[in-house]
Amino acid sequence: MKIIMLGAPGAGKGTQAKRIAEKYAIPHISTGDIFRANIKNNTELGQKAKTYMDKGELVPDELVVDLIMDRFKEADCANGYVLDGFPRTIPQAEALDKALSANNESVDFAINVEVPDENIINRMSGRRACVGCGATYHIQFNPTKVEGICDACGEKLILRDDDKPETVKNRLSVYHDQTQPLIDYYSKKGILAEVDGTQSMEDVFNSIVNVLGK
């Protein structure tokens, strides 16, 4: 079962991807993890990716697809995988489809975790991170015992720049421009499933399982 997770930053797709991976015993694959592993292991593809990243440039789509297809060859991908964070654009989706079809394979499901922008802004601006141990909390959904103080290590909590409302709005704007067309792309292919991401985490997961079956 080959699954792609779609959804805006803060929609909770990463959390759901991990749960899907556990339930169906398939790997949760994020492009960030693949980049880090290849760079750490000093692979040829990793070296190529690093030359772009060191210059602050985006890694070209072809190279990203090469890295991902290389990851698919590993034994744990025999029964499928959950892709998180890729593809982000139509050219990436087309490149992935082309590479998969060369092996007579295709994506089975594209799951879009749908959450309105205002909900995401409220969710993310409520996040707090510990300056000491990096633990994360939420002032509404997962508050600390003492306001502004980490339960784990007692250090103070901060609102990260990434989670400030103006930053979140910018990230959402980029997402809608780049990734929204993917929703139409997979819808036309007949493999898109939309899930209401405003439900509880458990209900979102159950909705996804209903789509995937088994």
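The sequence shown: position 63 = 115 (the numbering used here), numbered continuously. Even glycine gets a Cβ: it sits at the ideal position worked out from N, Cα and C.
Would you tell me roughly how many angstroms separate the C-alpha atoms of Tyr76 and Asp122, rounded to the nearest one?
By one-based count along the sequence shown, residue 76 stands at place 24. By one-based count along the sequence shown, residue 122 stands at place 70. Going by the C-alpha atoms only, they are around 21 Å apart.
Where do the N-terminal and C-terminal ends of the alpha helix (DSSP H) with Thr67 fall, by residue?
For the purposes of this step, residue 67 is taken as residue 15 along the sequence shown, with counting starting at 1. Here the alpha helix (DSSP H) through Thr67 covers Lys65 to Tyr76.
What did DSSP end up calling Met53 once you bin it into helix, strand or coil?
For the purposes of this step, residue 53 is identified with residue 1 of the sequence shown, where counting begins at 1. Of the three classes helix, strand and coil, the one that applies to Met53 here is coil, per DSSP.
Per DSSP, what kind of secondary structure is Ile172 in: helix, strand or coil?
Position 120 of the sequence shown, counting from 1, holds the residue named residue 172. If DSSP states are grouped into helix, strand and coil, Ile172 belongs with the helices.
Apart from the five residues just before and just after Ile263, which ones in its own chain have a Cβ nearer than 8 Å to its Cβ?
Counting from one through the sequence shown, the residue named residue 263 turns up at place 211. Note that residue 263 corresponds to Val in the displayed sequence, not to Ile. Correct list, in chain order: Phe161, Ile163, Ala245 and Val247.
Taking the alpha carbon of Met105 as the reference point, which residue from Arg88, Gln232, Val256 and Asp118 has its own alpha carbon closest?
Within the sequence shown, residue 105 is the residue found at index 53, counting from 1. Closest option to Met105, Cα to Cα, is Arg88.
Taking 8 Å as the limit between beta carbons, can you name the residues of its chain near Ser259, skipping five residues before and five after?
Taking the sequence shown and counting its residues from 1, the one referred to as residue 259 is at position 207. Around Ser259: Val247, Asp248 and Gln251.
Taking the straight line between their C-alpha atoms, what separation do you get for Glu254 and Asp203?
The sequence position of residue 254 within the sequence shown is 202, counting from 1. The sequence position of residue 203 within the sequence shown is 151, counting from 1. Computed Cα separation, rounded: 24 Å.
Reducing DSSP to helix, strand and coil, say where Arg179 ends up.
Start at 1 with the first residue of the sequence shown, and residue 179 comes out as number 127. The answer is strand: DSSP assigns Arg179 an E or B state.
Can you find at least 3 beta carbon pairs, one from the stretch 94-114 and one from the stretch 189-199, that sit closer than 8 Å?
no
Going by DSSP in three states, Asn258 sits in which element: helix, strand or coil?
Here residue 258 is taken as the residue at index 206 of the sequence shown, counted from 1. Correct three-state label for Asn258: helix.
Going by Cα to Cα distance, which pick from Ile78, Val117 and Ala63 is closest to Gly84?
Mapped onto the sequence shown, residue 84 falls at position 32. Among Ile78, Val117 and Ala63, the Cα nearest to that of Gly84 is on Val117.
Taking 7 Å as the cut-off, does the CB of Val261 come closer than this to any heavy atom belonging to the ligand SAM?
Ligands displayed in this structure: none; no statement on the ligand SAM is therefore possible.
Just the C-alpha distance for Ile72 and Lys102, rounded to the nearest angstrom, thanks.
Residue numbering aside, residue 72 sits at position 20 when the sequence shown is read from its first letter. Residue numbering aside, residue 102 sits at position 50 when the sequence shown is read from its first letter. Cα-Cα distance, rounded: 30 Å.
Taking Cβ positions, are Pro112 and Ile173 nearer each other than 8 Å?
Within the sequence shown, residue 112 is the residue found at index 60, counting from 1. Within the sequence shown, residue 173 is the residue found at index 121, counting from 1. No, the Cβ-Cβ distance between Pro112 and Ile173 is not below 8 Å.
Proximity winner among Cys185, Asp215, Val220 and Pro195, relative to Pro205 (alpha-carbon distances):
Your numbering for residue 205 matches position 153 in the sequence shown. First, the amino acid is wrong: residue 205 is Cys here, not Pro. Selected option, being the one with the closest Cα: Cys185.
Residue ranges of each beta strand (DSSP E) run of no fewer than 3 residues wholly in the stretch 99-148, ordered along the chain?
133-136
Between His190, Glu170 and Asn171, which has its C-alpha nearest Arg179's C-alpha?
Within the sequence shown, residue 179 is the residue found at index 127, counting from 1. Nearest C-alpha to Arg179: His190.
Applying the criterion that 16 or more other CB atoms from any shown protein chain within 10 Å of the CB defines a buried residue, is Arg212 buried or exposed?
For this step, residue 212 is matched to residue 160 along the sequence shown. Exposed: under 16 other Cβ atoms inside 10 Å.
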